[in-house]
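If you want the numbering used here, it's the 1-based position in the sequence shown plus 223. Positions of the beta carbon are idealized from the N, C-alpha and C atoms, including for glycine. As the structure is a prediction and not an experimental result, all values here were calculated from the model. Structure, as structure tokens:
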Amino acid sequence: MSSELRETLRVELGARAYDIVIGPGLLAEAGRHIALLLRRPRVAVLTDETVAGLHLESLRAGLAAESIEMVSLALPAGEATKSWPQFTRAVEWLLEQKVERSDVVVALGGGVIGDLAGFAAAVLRRGVRFVQIPTSLLAQVDSSVGGKTGINAPQGKNLVGAFHQPSLVLADTAALGTLTPRDFIAGYGEVVKYGLLGDAAFFDWLEQNGPALAAGDMAARVAAVKRSCQMKAEIVARDETEQGDRALLNLGHTFGHALESATGYSDRLLHGEGVAIGCALAFELSARLGLCAQEAPSRLRQHLRTMGMKVDLSDIPGDLPGAEALMALMAQDKKVVDGKLRFILARGIGEAFVTADVPGEAVRKLLDDALA
Numbered sequence: 224m225s226s227e228l229r230e231t232l233r234v235e236l237g238a239r240a241y242d243i244v245i246g247p248g249l250l251a252e253a254g255r256h257i258a259l260l261l262r263r264p265r266v267a268v269l270t271d272e273t274v275a276g277l278h279l280e281s282l283r284a285g286l287a288a289e290s291i292e293m294v295s296l297a298l299p300a301g302e303a304t305k306s307w308p309q310f311t312r313a314v315e316w317l318l319e320q321k322v323e324r325s326d327v328v329v330a331l332g333g334g335v336i337g338d339l340a341g342f343a344a345a346v347l348r349r350g351v352r353f354v355q356i357p358t359s360l361l362a363q364v365d366s367s368v369g370g371k372t373g374i375n376a377p378q379g380k381n382l383v384g385a386f387h388q389p390s391l392v393l394a395d396t397a398a399l400g401t402l403t404p405r406d407f408i409a410g411y412g413e414v415v416k417y418g419l420l421g422d423a424a425f426f427d428w429l430e431q432n433g434p435a436l437a438a439g440d441m442a443a444r445v446a447a448v449k450r451s452c453q454m455k456a457e458i459v460a461r462d463e464t465e466q467g468d469r470a471l472l473n474l475g476h477t478f479g480h481a482l483e484s485a486t487g488y489s490d491r492l493l494h495g496e497g498v499a500i501g502c503a504l505a506f507e508l509s510a511r512l513g514l515c516a517q518e519a520p521s522r523l524r525q526h527l528r529t530m531g532m533k534v535d536l537s538d539i540p541g542d543l544p545g546a547e548a549l550m551a552l553m554a555q556d557k558k559v560v561d562g563k564l565r566f567i568l569a570r571g572i573g574e575a576f577v578t579a580d581v582p583g584e585a586v587r588k589l590l591d592d593a594l595a
């Protein structure tokens, strides 16, 4: 694969700094990159059944090229896996494989596997190192970077977890070619988020290049993943455990998580789709509160529509609960401080900020109108 499409970024976290390597063909070279971390030539891989069928043998070959042995466990695909039963299964499997404290666990898959495997590594023997090999666009631009790991609880999404940084991220952009169009475009919701929260020029670039990127342009895909990771890495370096700035990364997520919960974390609504709808709602709320011009939400919605994305609550199949029920789900969010929900709002495209000063009535009215 062409090495001129290879990009390396550093997440600057002192003693826990690590590289994100981005480009096509990285699965085949995984051994070369991972060998540098190993005390013994063996890794334990957690993946899901869908990804295993597509990429596990490529990874095995890439590791074997450096004489690294691999054991693997494939969990069921889907958001429902991010829960206690499969987490328990993964941790007990790692113990059965006699994974030692100096070993490395590899997460091969999308956001669900990355979050679950990272959390398993965080608690196994009080913390073993792990490597993220994200195979979905969502995981490459967002969940694989920054050390947030965890599982969902019946009470809400990502409520159980730990901050545990990976030792390395290998984002093989060729793997994106195996995603369904829906999964790819859902992940694009997180890419758009970066332009909206802090880089208007990146949003301009996406308006120009989004269609080519969706159609498979590898250089555009590498560029989009790189810019997204760069922005995330800068924010994480400033605020690793989300005391302030890092909350900006939750743009669209307060609404999105409530909608995911309301649809039972099912394939009615994928995470990135919830984020896209949530971003549209956050911008609409910002316009209604007089924070930004109505042109900003209109432009965002136009771009999401051009990309074939879900934009409105009416784009979610099936019935949704009313505004009160959605607000109750939002109140369970991790971003609640002193009982007040923190929203990420915007003064324009590329100008997001965090606030707890949002009148509940404005949110209720927004949701009522969106549900109508």
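Original post:
Thinking just about the alpha-carbon of each residue, which of A516, D556, G369 and A438 is nearest to the one in C452?
Top reply: Relative to C452, the option among A516, D556, G369 and A438 whose CA is nearest is G369.
**OP:** Assuming L352 contacts V327 (C-beta within less than 8 Å), just tell me the rounded distance between them.
**Re:** Before going on, a small fix: residue 352 reads as Arg here, not Leu. Separation of the CB atoms of R352 and V327 is rounded to 5 Å, and the pair is thereby assigned contact status at 8 Å.
**OP:** Would you kindly report the start and end of the unbroken beta strand (DSSP E) that includes I567?
**Re:** Taken as a continuous stretch (DSSP letters only), the beta strand (DSSP E) holding I567 covers F566 to A569.
Original post:
Taking Cβ to Cβ, would you say V266 is nearer than 8 Å to V314?
Top reply: Contact check for V266 against V314 fails: the beta carbons are separated by 8 Å or more.
Original post:
Where does D427 sit, in a helix, a strand or coil, going by DSSP?
Top reply: Assignment of D427 by DSSP, reduced to helix, strand and coil, places it in the helix class.
Subject >> Cut-off 7 Å between Cβ atoms - residues of its own chain near I458, not counting five sequence neighbours on either side >> reply: Around I458: D468, R469, L471 and L472.
Subject >> Residues near A409 in its chain [Cβ-Cβ closer than 6 Å; skip 5 each side] >> reply: Within the same chain, Cβ atoms closer than 6 Å to the Cβ of A409 are found at L493, G495 and E496, the five residues on either side in sequence being excluded.
Original post:
Can you tell me where the beta strand (DSSP E) with Q555 in it begins and where it stops?
Top reply: Note, Q555: premise wrong, no beta strand (DSSP E); not H, not E.
Subject >> Cβ pair count under 8 Å reaching 3, the segment 250-264 against the segment 414-428 >> reply: Put simply, the segment 250-264 does not touch the segment 414-428. Fewer than three CB pairs are less than 8 Å apart.
**OP:** For P520, count neighbouring C-beta atoms within 10 Å of its own C-beta (all shown protein chains included) and say buried if the count is 16 or more, exposed if not.
**Re:** Label assigned to P520: buried.
Original post:
Which partner residues does A575 have in the DSSP bridge list?
Top reply: Beta-bridge pairing links A575 to A569.
**OP:** Pull up the distance between the alpha-carbon of L286 and that of L259, whole angstroms please.
**Re:** In this structure, the alpha-carbon of L286 lies about 12 Å from that of L259.
**OP:** Give a yes or no on whether the C-beta atoms belonging to L474 and I567 are separated by under 8 Å.
**Re:** For L474 and I567, yes; Cβs fall inside 8 Å.
**OP:** Kindly give me the distance between the Cβ atoms of D338 and I291, rounded to whole angstroms, as I take these residues to be in contact under 8 Å.
**Re:** Between I291 and D338 the Cβ distance is about 24 Å, and since that is not below 8 Å, they are no contact.
Original post:
Can you list, in chain order, the residues of its chain whose CB lies under 6 Å from that of V294, leaving out five sequence neighbours each side?
Top reply: So the list reads A267 and Q320, once near-sequence residues are dropped.
Original post:
Taking the C-alpha atoms as reference points, what is the distance between T243 and G562?
Top reply: Rather than Thr, the amino acid found at residue 243 in this sequence is Ile. C-alpha separation (whole angstroms): 37 Å.
Subject >> Which listed residue (H387, L549, L508 and A499) has its alpha carbon closest to that of G531 >> reply: Nearest option by C-alpha distance: A499.
**OP:** Specify, as a first and last residue, the run of the beta strand (DSSP E) that L232 falls within.
**Re:** Unbroken beta strand (DSSP E) run through L232: E230 to V234.
Original post:
Which one of G479, R522 and W316 has the shortest CA to CA distance from L549?
Top reply: Of the candidates G479, R522 and W316, the one whose C-alpha sits nearest the C-alpha of L549 is G479.
Original post:
Straight-line CA distance for E280 to A546?
Top reply: In a straight line, the C-alpha of E280 is about 47 Å away from that of A546.
Subject >> Where D365 falls, given that 16 or more other Cβ within 10 Å makes a residue buried >> reply: Counting C-beta atoms within 10 angstroms of its own C-beta, D365 has 16 or more neighbours from the protein chains shown and is therefore classed as buried.
Original post:
Cβ atoms of A447 and V414: under 8 Å apart, would you say?
Top reply: In this structure, the beta-carbon distance from V414 to A447 falls below 8 Å.
Subject >> Inter-residue Cα distance where the pair is V392 and R444 >> reply: C-alpha separation (whole angstroms): 17 Å.
Original post:
Excluding the five sequence neighbours on either side, which residues of its own chain have a C-beta within less than 6 Å of the C-beta of M224, listed in chain order?
Top reply: With a pLDDT of 43 at M224, under the threshold of 50, the modelled position of that residue is not reliable, and no figure is offered here.
**OP:** Assign D422 to one of three DSSP states: helix, strand, or coil.
**Re:** Coil at D422, not helix or strand.
Original post:
Any idea what DSSP makes of M224, helix, strand or coil?
Top reply: Bear in mind that the predicted position of M224 carries a pLDDT of just 43, short of 50, making it unreliable; the figure below should be weighed with that in mind. Here M224 sits in coil by DSSP.
Subject >> Local Cβ density within 10 Å of Q355, reported as buried at 16 or more and exposed below that >> reply: With 16 or more other CB atoms across the displayed protein chains lying within 10 angstroms of its CB, Q355 is buried.
Original post:
Which value, in whole angstroms, describes the spacing of the CA atoms of E230 and I245?
Top reply: When the Cα atoms are used, E230 and I245 turn out to be separated by approximately 5 Å.
Original post:
Looking only at C-alpha atoms, which of F342, F386, G341 and G332 sits nearest to L399?
Top reply: It is G332 whose Cα lies nearest to the Cα of L399.
Subject >> Nearest-angstrom Cα separation, counted from A344 out to F426 >> reply: Straight-line Cα distance between these residues: approximately 35 Å.
Original post:
Within 10 angstroms of its Cβ, does L318 collect 16 or more other Cβ (buried), or is it exposed?
Top reply: L318 comes out exposed.
**OP:** Ignoring anything shorter than 4 residues or poking outside the segment 447-506, list the alpha helix (DSSP H) runs there in chain order.
**Re:** Runs of alpha helix (DSSP H) with 4 or more residues, each lying fully within the segment 447-506, are found at 476-485, listed in chain order.
Original post:
First and last residue of the alpha helix (DSSP H) that includes K188?
Top reply: Look at the range of the chain in this structure, 224 to 595, and you will see that residue 188 is not part of it.
**OP:** Excluding the 5 residues preceding and the 5 following R255 in the sequence, name in chain order all residues of the same chain whose CB lies nearer than 7 Å to its CB.
**Re:** Closer than 7 Å at Cβ, skipping near neighbours: E289.
**OP:** Look up R262 in the DSSP assignment and say whether it is helix, strand or coil.
**Re:** DSSP, reduced to helix, strand and coil, places R262 outside both helices and strands of the structure shown, so it counts as coil.
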